[in-house]
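Peer 1:
Residue numbers (the working numbering): 48 to 149.
(1) Which same chain residues end up closer than 6 Å to residue 127 when comparing Cβ atoms and leaving out the 5 residues on each side of it in sequence?
(2) Would you identify the three-state DSSP class for residue 114, choosing helix, strand or coil?
(3) Using a Cβ-Cβ cutoff of less than 7 Å, which residues in the same chain neighbour residue 102 once the five nearest sequence positions on both sides are dropped?
(4) Could you compute how far the alpha carbon of residue 145 sits from the alpha carbon of residue 134?
(5) When you compare only the Cα positions, how much space is there between residue 125 and residue 97?
(6) Let me know if residue 55 comes out buried or exposed under the rule of 16 or more other beta-carbons within 10 Å of its beta-carbon.
(7) Might you give, ordered along the chain, the residues of its own chain that have their beta carbon closer than 6 Å to the beta carbon of residue 1, omitting 5 neighbours on each side?
(8) So what does residue 68 bridge to, in DSSP terms?
(9) Can you tell me which of the three DSSP states residue 76 falls into?
(10) Is residue 125 helix, strand or coil by DSSP?
(11) When you compare the CB positions of residue 89 and residue 70, do they come within less than 8 Å of one another, or not?
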């Protein structure tokens with residue numbers, strides 16, 4: 048079971064976007080990386096296709112999971128633990144003890 052999943056609100060802990068938060072768009076568990084909306088933006092040169100025109104576009108690059116933490120209800124980063132509630136394994140915020148729905 049993953050600690051960070053698609054749709055989670057996360058806070059960046061290190062790097063050029065430190066302190067910023069966003070929503071996880073995609074998780075790549077094999078590479079231990081995730082793509083977060085609006086975080087780690089890079090410029091890419093795009094060749095022209097039938098649907099897209101050529102030029103330099105901004106897009107999100109992946110960021111390592113160790114540099115991300117789930118945002119608690121107050122927006123501050125928290126670690127994630129696991130607990131069995133009503134026979135189901137659920138994620139729990141270590142900071143507040145609250146169950147993370149996801």
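Note that beta-carbon positions come from the ideal geometry of N, C-alpha and C, so glycine has one too.
Peer 2: In short, the structure shows the following:
(1) 50, 117, 138
(2) helix
(3) 93
(4) 17 Å
(5) 44 Å
(6) buried
(7) Only positions 48 to 149 of the chain appear in this structure, which leaves residue 1 out of reach.
(8) 58
(9) coil
(10) strand
(11) no
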